[in-house]
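Each remark here refers to the structure printed beneath this line.
In the working numbering, the protein residues as written are 306 to 681.
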């Protein structure tokens, strides 16, 4: 994998528009008229419906409390002047509707109140809950376990568990919505049967709950005889997202790769180290320190670039704590580790390479050899 610094950039401008569905507003004459529109059809199974309110002139005093709602609530209300937008959230099956009664907004020019708007109605066949499937639970040690499951839509998962169906403990709800889930349980008793159930919450707050499930933790002696290399730590492949970059001291213009990793199921923490980047010709060097950041959506503490862990030098990075899994049917934990590199201003043009070493927790776990592969 060889990377080059280039000074070629491209800009793509994408223009989009939507055509709204509307009916005419009916009102007495005298004040501003207002029309409600939506890009959602009147017969829908959507759990959230975007609405736009357009006044014929600039108004003040219009707020979410001005709306007349049936079988629905409102979120994301925003706007000013003549245009306001909000999201209609149906709360039941049947018909959800919204309108703006007369007298809830005032013209800035004439001080007259608005006329009543048209009424938008949406018929929903069902309020669908997330579907949970593929539930498995594996005791990874005498006091820990991992629950995996999938959902048909992106949800935030949580596990309730205990030695009875009273479920006296629960995990923290996942911070990132996903369709694949792997949630760890800790501080369990050895050789003990546990009951658990899965909760999955979608973006609108609807909660699906699974039936009761069980697993039994390993005994202390079984755990002691199980090595961490049952599923060895491995870099299964590398994807080059951006193999050429611009020397402008910006992560957004630098190199970007994804290391696809398999991590032993019992080792839920990960760290990595890099050597400095060395030019293949000449004397160019790009230090690892402060120029490399790492993150993975499968971690709890560095799930995105905004929470990324920065390289402190050529030593190991801080730990990433794995809570997700890209493939619940593959042995071990599957994680996609983003490696981003910013190229300092003044760096020499050319091809650069580095070596890296990955380790997982516990510290006695198998480590990848220092791989002498180029930067990408």
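By construction, the Cβ of each residue, glycine as well, lies at the ideal position given by its N, Cα and C atoms.
query, result
"Inter-residue spacing [alpha-carbon to alpha-carbon] between residue 436 and residue 484", "10 Å"
"Cβ shell of residue 491 (< 7 Å), same chain only, five flanking positions each side left out", "448, 449"
"Range covered by the beta strand (DSSP E) that runs through residue 439", "437-446"
"Residue 487 (DSSP reduced to helix, strand or coil)", "strand"
"Straight-line Cα distance separating residue 426 from residue 564", "49 Å"
"Exposure label - residue 354; buried when at least 16 CB within 10 Å", "buried"
"C-beta atoms of residue 495 and residue 524 nearer than 8 Å", "yes"
"Pair within 8 Å by beta-carbon distance, residue 357 and residue 383", "no"
"Inter-residue spacing [alpha-carbon to alpha-carbon] between residue 661 and residue 550", "20 Å"
"Cβ-based neighbour list, residue 418, same chain, cut-off 6 Å, excluding 5 preceding and 5 following", "336, 408, 411"
"Buried versus exposed, by CB contacts within 10 Å (16 or more), residue 650", "exposed"
"Cα-Cα separation, residue 338 to residue 401", "23 Å"
"Bridge partner(s) assigned by DSSP for residue 455", "438, 485"
"Under the three-state DSSP convention, the category residue 384 falls into", "strand"
"Unbroken beta strand (DSSP E) run spanning residue 664, endpoints", "661-665"
"Short Cβ contact (8 Å threshold) for residue 576 with residue 520", "no"
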